[in-house]
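Worksheet: one structure, shown below.
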Amino acid sequence: MAEGRFASLGQDDRDYIMENIETKNTKRQNTTAVKLFREYLTEKSKPIEFEQYTIEQMDDSLASFYLEMRNKEGKHYKKTTMQAYRQGLNRHLQKCRDIDICNEEIFKKSCKSFKGMTKELKRLGLAAIEHHPSIEESDIEKMYSYFCKNLEDAQLLQYKVFVDIMLHFGRRGRENLSSLTRKHFAVKRGADDKLYVYKVIDEQTKNHQSDSELSSDGRMYEITDGERCPVKSFVKYIRRLNPKCVKLFQQARSYPKEGVYYDNIPLGHNRLGQFMNEISKMANLSHIYTNHSCRATTVHLLDEADIPSRHIMTVTGHKSETSLKTYSGKTCEKKKRHMSEILSSKTCGKKSCISNIDFLCLSQSTITVEANEGVENIPVELSDANFDLELYQTHRMKL
């Protein structure tokens, strides 16, 4: 008998496919939320099998839970954490009972408690969202100067290619970095005869679980003049990788051997997740940035250049312009300072005499501050290690 065209899946196979609709992070969040709620019920001497509660019992228990939930230190959770736990519980209950605890018509009491608690958290200063900062332009210059001082150094070359890829493809944090291979990217010559790097293999990301959705359609074009060309660095990097390892990011060798700069050892999830932290320290940047700061920088720079949001989304993979505003809606430090100086010029009646003081000069033993009344020398023992901001500000007040 001829073999049938269609597969015959057992229940275990069906369950496996359906279970993998949600990401690992979502599953972990659901499990954590359920565990926390059970711990709360246990402490309050209530039955822990809340899945079997009546709607009224569930509503009452959730109303108390939202008001009384605390972390292990006995302190309030942040608003975002509280929202995450609520969503985790909701997903769990929708799966096992098909009920929606966010429905205000059915769960009136608990929804009211949740709203009240979020307002209280805002009053306590726990509602603010801490976004990853974009990299300051001065730090971008400092960072690339650090990379390009020696691109024959395996680690510096890897750092540069890493940042180039993170910026040009708007990558999120440490997501999928350890699973990238050299086959994920390729170099092609465009119609304008320019070389560019593009993604060959698409990935499953936080925002893109379906194969029909591109996580990023960005391109990294060559810059024909200068050693900072991202395509030139990428090609050089690929040629220096260990042929025995398929991963894109491999452990750098202290001493290259036979044109190979890297060992047959792939870098792991956690090590790659610390790359921007390492770079920030090694390049002596003004902030300790995270990998996600690269993504924020991509959006910020393109937004500053008036690139429409719909085009930026093709690079970053954002699904909506609303989520994109998380990054683009922020004001850079340069503009904040400029706005402050505009206001001060009106309120002070003159330009601030300290606006041009360069903090790089603070390592000197004597600081000379030019004021309208003359010049005052401030003898202080200042270095990067013992700089006393309060003392410095006190001297400023004398001007």
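So this note's numbering is basically just the index in the sequence shown, starting at one, shifted up by 13.
Just so it is clear, CB atoms sit at the ideal spot from N, CA and C, and this is done for glycine as well.
In the assembly as shown, residue 361 is an exposed residue. Its beta-carbon has fewer than 16 other beta-carbons within 10 Å. For residue 156 against residue 315, the beta-carbon gap comes to about 18 Å, at or over 8 Å, which does not count as contact.
In the same chain as residue 311, and ignoring 5 residues on each side of it, the C-beta atoms closer than 7 Å to its own belong to 180, 183, 328, 329, in chain order. Taking C-beta atoms as the reference points, residue 285 and residue 136 fail to come closer than 7 Å. Inter-segment contact for the region 168-175 and the region 192-203 is absent: fewer than three beta-carbon pairs are separated by less than 8 Å. Bounds of the beta strand (DSSP E) holding residue 278 are 273-279.
As computed with DSSP, residue 233 is found in a beta bridge with 210. Beyond the five residues adjoining it in sequence on each side, residue 242 comes within less than 6 Å, by CB distance, of 235, 236 in the same chain, given in chain order. Judged by DSSP in its simplified three-state form, residue 268 adopts strand. Proximity of the region 264-278 to the region 287-294 falls short of the contact definition, fewer than three beta-carbon pairs being nearer than 8 Å. In this chain, the alpha helix (DSSP H) harbouring residue 248 covers 243-253. With a beta-carbon spacing of about 5 Å, residue 127 and residue 79 fall inside the 8 Å limit used to define contacts. In terms of CA proximity to residue 91, 139 leads the group 357, 170, 139, 35. By the Cβ neighbour-count rule, residue 18 is exposed, with fewer than 16 other Cβ atoms within 10 Å of its own. In the three-state scheme derived from DSSP, where H, G and I count as helix and E and B as strand, residue 263 is classed as strand. Nearest to residue 148 by C-alpha distance, out of 359, 358, 346, 352, is 346. Note on residue 213: under 16 other CB atoms within 10 angstroms of its CB, so exposed under the neighbour-count rule. Counting the other CB atoms within 10 Å of its CB gives residue 283 a total below 16, which places it among the exposed residues. 63 is the residue among 63, 77, 125 whose C-alpha sits nearest the C-alpha of residue 107.
From the listed residues 194, 233, 162, the smallest Cα separation to residue 240 is found for 162.
Between residue 73 and residue 120, the C-beta gap is not smaller than 7 Å, which leaves the two residues out of contact. Rounded to the nearest angstrom, the gap between the Cα atoms of residue 152 and residue 305 is 15 Å. In the structure shown, residue 202 adopts extended strand secondary structure according to DSSP, grouped into three states.
In this structure, the beta-carbon distance from residue 232 to residue 211 falls below 7 Å. Distances from the CA of residue 100 to each of 122, 46, 359 were compared; the closest alpha carbon is that of 46. Secondary structure at residue 360: helix, using DSSP grouped into helix, strand and coil. Residue 278 sits away from residue 287, with the two beta carbons spaced by 7 Å or more.
For residue 105, the CB contacts under 6 Å within the same chain, skipping 5 residues up- and downstream, are 43, 47 in chain order.
For residue 36, the three-state secondary structure derived from DSSP is coil.
Residue environment analysis places residue 185 among the buried positions, since at least 16 neighbouring C-beta atoms fall within 10 angstroms of its C-beta.
By the C-beta density criterion, residue 325 is buried, having at least 16 other C-beta atoms within 10 angstroms. In this structure, the CA atom of residue 102 is about 21 Å from the CA atom of residue 28.
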